[in-house]
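Asks: In the working numbering, the protein residues as written are 85 to 526. The beta carbon of each residue, even a glycine, is placed where N, CA and C say it ideally should be. None of these values were measured; they are calculated from a predicted model.
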RNA sequence: GCGGGGAUGGCCCAGUGGUACGGCGGCAGCCUGCUAAGCUGUUUCUCUAUGAGAGCGAGGGUUCGAAUCCCUCUCCCCGCGCCA
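Right, dumping it as structure tokens:
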């Protein structure tokens, strides 16, 4: 959540940020209305409580002198009634106010392009040499900076669904039978390739100063609520029946929540953590999109980068984690572009977000495989994670980025590195030490 | 799942109904010809702030007054049971 003091001090910054996000400023008005009420009420309550405390003390003295305190007791009881009344009122006001406060989004960084739909995201750069089917050439050129490198191909590459099924690497129908749509069985060398991707990513991040953490795959409501915007996220989460537990949708959440309510030493920062876990997503509202194959699924494995740092360093770290994810894609020889996500598409937590979109030649599109966000102090404030300084404890900053989401990268490998005749998939050189093979065929 | 013990400020710890003791650490200052020893103050959150309120794992209850008594829950430790 945002800083209430900052909101009171500089309301205009929040009104402007909300406008950039094309959001209604009504909640801001509502907040100030409720906050004023709350503060007025608080003053009244505190005054009454002071009176009560004084009287209580008087009773204590009276009893010690063997006097009769019943008259004062009566007065305190009356005071208590007033206080109870005001406090229940105050409880309601506070919960209304805090509910509104949680919907007020983070302040957007000045470098974020201001616009509504994702068609206006700013392309930062393109890297690699994409295989582009003739019919997609125009689309590709419009989606990349001028003179971006490519190889034109005469035939559209085979879709990952057909290819992986043909090579006996996935079984979607049977997964549908036992679990439903958007599940999959991975088979044979594709399993090993997935494990290779994960092992490679873990080594990759270890070498770059990350601690590797496998977190709980479930979180309780309170942790989930403080690490993300649960009200808008709820539909995406699986809930465990009869328990206060949710399956995680990303290890960002258990990793962020790990340091909830803690105070870190300045020397501990920055903290680089790589989370490794499966991710469970209901993908509610995704009907009709990517219904086939393993591109958009209810369960996938992911290695996530997470940074806890001082506020003055968070913008450098956004470039660092984006850089790590880019280097990972480059090392796999995947062609990609980096996109600066526009204001209207950011989540309430985000001050800025980059996506890495890999070129998928069979789909003829760039598709998101990495999301790198700076949440500044927004997430850390509701998690109450601070660090000690000479001038008191301050809220830290948090950032996160995908390193690798395995299913999407497996699709990318299938589409980008398939043999022209569909007889197999070439494994990128850096993965070979992890797979033990350099080619997958039937 | 059963039985026993526990949770107090950044950390340690005292406190069995009268408004949280003491220590350590941090910060500021004093003293001292050095970074020793010592002394003083301070240390969390909230508010319209020379003042006041809250805060003893969480939430309720009893009471004029609860860290303390009662109820429910969470987590940790020890033992038993179960278990890959």
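Per DSSP, what are the beta-bridge partners of residue 300 in this structure?
Replies: Looking at the DSSP assignment, residue 300 forms no beta bridge with any residue, so it has no partner.
Asks: Could you tell me the boundaries of the alpha helix (DSSP H) in which residue 237 lies?
Replies: Segment 234-237 is the beta strand (DSSP E) holding residue 237; no alpha helix (DSSP H) there.
Asks: Alpha carbon to alpha carbon, what distance is there between residue 423 and residue 498?
Replies: Their Cα atoms are separated by approximately 23 Å.
Asks: Could you please give the first and the last residue of the uninterrupted alpha helix (DSSP H) stretch that includes residue 156?
Replies: Segment 154-187, the alpha helix (DSSP H) holding residue 156.
Asks: Given residue 242, which residues of its chain have a CB within under 7 Å of its CB, disregarding the five upstream and five downstream residues?
Replies: Here the set comprises 446, 502 and 506.
Asks: Taking only the alpha-carbon atoms, compute the straight-line gap between residue 210 and residue 317 and give it to the nearest angstrom.
Replies: Straight-line Cα distance between these residues: approximately 31 Å.
Asks: How many Å lie between residue 309 and residue 237 at the Cα?
Replies: Each residue's Cα considered, the two are about 48 Å apart.
Asks: Quick check: residue 421 and residue 441, are their CB atoms within less than 9 Å of each other?
Replies: Yes, the pair counts as a contact, with Cβ atoms nearer than the cut-off.
Asks: CB residue 388 to CB residue 425, shorter than 9 Å?
Replies: Going by C-beta atoms, residue 388 is not nearer than 9 Å to residue 425.
Asks: Mind checking whether residue 390 and residue 353 have CB atoms under 9 Å apart?
Replies: No, the pair does not count as a contact, with Cβ atoms beyond the cut-off.
Asks: DSSP three-state label for residue 276, please.
Replies: In this structure, residue 276 counts as helix in the three-state DSSP scheme.
Asks: When burial is assigned at 16 or more other CB atoms within 10 Å of the CB, is residue 265 buried or exposed?
Replies: When all chains shown are included, residue 265 counts as exposed.
Asks: Pairing CB atoms from the stretch 369-389 with CB atoms from the stretch 259-275, are three or more of them under 8 Å?
Replies: At 8 Å Cβ cutoff, the stretches touch.
Asks: Residue 572 by DSSP, collapsed to three states: which one?
Replies: What is shown of the chain runs 85 to 526, which leaves residue 572 out entirely.
Asks: Which one of 356, 254 and 197 has the shortest CA to CA distance from residue 290?
Replies: With distances taken between Cα atoms, residue 290 lies closest to 356.
Asks: Considering only their Cβ atoms, is the gap separating residue 487 from residue 224 smaller than 9 Å?
Replies: No, these two residues do not count as a Cβ contact at 9 Å.
Asks: Report yes if the CB atom of residue 490 is closer than 9 Å to the CB atom of residue 364, and no otherwise.
Replies: Not a contact, by the Cβ cut-off of 9 Å.
Asks: Please state whether DSSP places residue 240 in a helix, a strand or coil.
Replies: Three-state DSSP puts residue 240 in coil, outside helix and strand.
Asks: To the nearest whole angstrom, what separates the beta carbons of residue 428 and residue 200, a pair I think is in contact under 8 Å?
Replies: About 4 Å; that satisfies the 8 Å criterion.
Asks: Please state the DSSP three-state secondary structure of residue 201.
Replies: Coil.
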